[in-house]
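A.B. asks:
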Amino acid sequence: MIFKFLIRNRSVFLYGISLAILLLFIKWLEWRLIVIDYTIELYVGAIAVIFTGLGIWLAKKLTQPRTNTLVIEKQVLVKTEHFVLNEAEVTRLRLSKRELEVLQLMAEGLSNLQIADRLFLSLDTIKTHSSKIFEKLEVQRRTQAVEMARKLNIIS
C-alpha cells in the first residue's frame, strides 16, 4: 500500500527528499562555521520548505474527486414462469379487453403511435384508452399504470 503510494507520488517524494538533503547539507555547513552569516536566510528557507510541503498536501486534498454513494431501495416485482390473470381485479376496475391490450403494450414500452399501429386504431383512440386506464388505476403516468397493473396481476 505504501509502496504504491510512493510510486504514484514519486516526483513529490523525490522533491521532498532532495530538499531535506539540501537542508541537512546547509545545516552541516553551518555547523562547520561556513554559513554563520546566513542564519536568517536558512530559517526563511526552512519555512519556505514547510509551506511548500503544506501546499502540495493541500492541493492533493482539494483536487481529489469526491464520491458520494447513493443507495436507492425499490421493490422489484419478479415475473413468474406462468402468468395467471387476476379476473377479480379486472372486473372490479371495469377494464375492457381493449384497455387490457393497450396496457400490455404500454408495459412492453411501446409509444402511443406504435400501439395505434399494432392494434389498427387511431392515435386519439389510444390516448382515450390510456386516459381511461389512468383514471381506473388512479395513477398519473404510464410507468405508474404499468407498475400498478403488475402489482394487481392484470398484466404479465
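For the sequence shown, this note's numbering gives the first residue as 404, with consecutive numbering after it. Think of the CB as a built atom: it goes at the ideal place given N, C-alpha and C, for glycine as much as any other residue. It should be emphasised that the depicted structure is a prediction, and the values quoted were computed from it without experimental measurement.
Quick check on I496: buried or exposed, where buried means 16 or more other Cβ atoms within 10 Å of its Cβ?
C.D. replies: Here the sequence assigns Leu to residue 496, which means Ile is not the residue at that position. Label assigned to L496: buried.
A.B. asks: Given a threshold of 16 other Cβ atoms within 10 Å of its Cβ, counted over all protein chains shown, does I518 qualify as buried or as exposed?
C.D. replies: The residue is buried, with at least 16 neighbouring Cβ atoms inside 10 Å.
A.B. asks: Taking L426 and A449 to be in contact with their CB atoms under 8 Å, please state how far apart those CB atoms are, rounded to whole angstroms.
C.D. replies: Correct: roughly 6 Å between the Cβ atoms.
A.B. asks: Kindly indicate if chain D contains any beta-carbon less than 8 Å away from that of E511.
C.D. replies: The structure shown contains no chain D; it is built from a single protein chain.
A.B. asks: Out of L422, L506 and R521, which has the shortest C-alpha to C-alpha gap to K539?
C.D. replies: Ranking the options by Cα distance to K539, first place goes to L506.
A.B. asks: For Q547, which of S514, L526, M509 and D520 has the nearest alpha-carbon?
C.D. replies: Q547 has its Cα closest to that of M509, out of S514, L526, M509 and D520.
A.B. asks: To the nearest angstrom, how far is the alpha carbon of S514 from that of R545?
C.D. replies: Going from the Cα of S514 to the Cα of R545 covers about 10 Å.
A.B. asks: Measuring CB to CB, does N556 end up less than 8 Å from E492?
C.D. replies: Cβ atoms of N556 and E492: closer than 8 Å.
A.B. asks: Measuring only the C-alpha atoms, how far is F523 from V542?
C.D. replies: Between F523 and V542, the C-alpha separation is close to 26 Å.
A.B. asks: For L555, which three-state DSSP category applies?
C.D. replies: DSSP places L555 in coil when its eight states are reduced to three.
A.B. asks: Which class does M404 belong to by DSSP, given the choice of helix, strand or coil?
C.D. replies: Coil.
A.B. asks: Following the continuous alpha helix (DSSP H) through K539, name the residue where it begins and the one where it ends.
C.D. replies: Its alpha helix (DSSP H) spans residues L526 to L540.
A.B. asks: Is the CB-CB distance between R553 and H532 below 8 Å?
C.D. replies: Contact: no.
A.B. asks: What residue does the alpha helix (DSSP H) around N515 start on, and which one ends it?
C.D. replies: First-last of the alpha helix (DSSP H) with N515: N515 to L522.
A.B. asks: Which residues mark the beginning and the end of the alpha helix (DSSP H) in which G458 is found?
C.D. replies: First-last of the alpha helix (DSSP H) with G458: T442 to T466.
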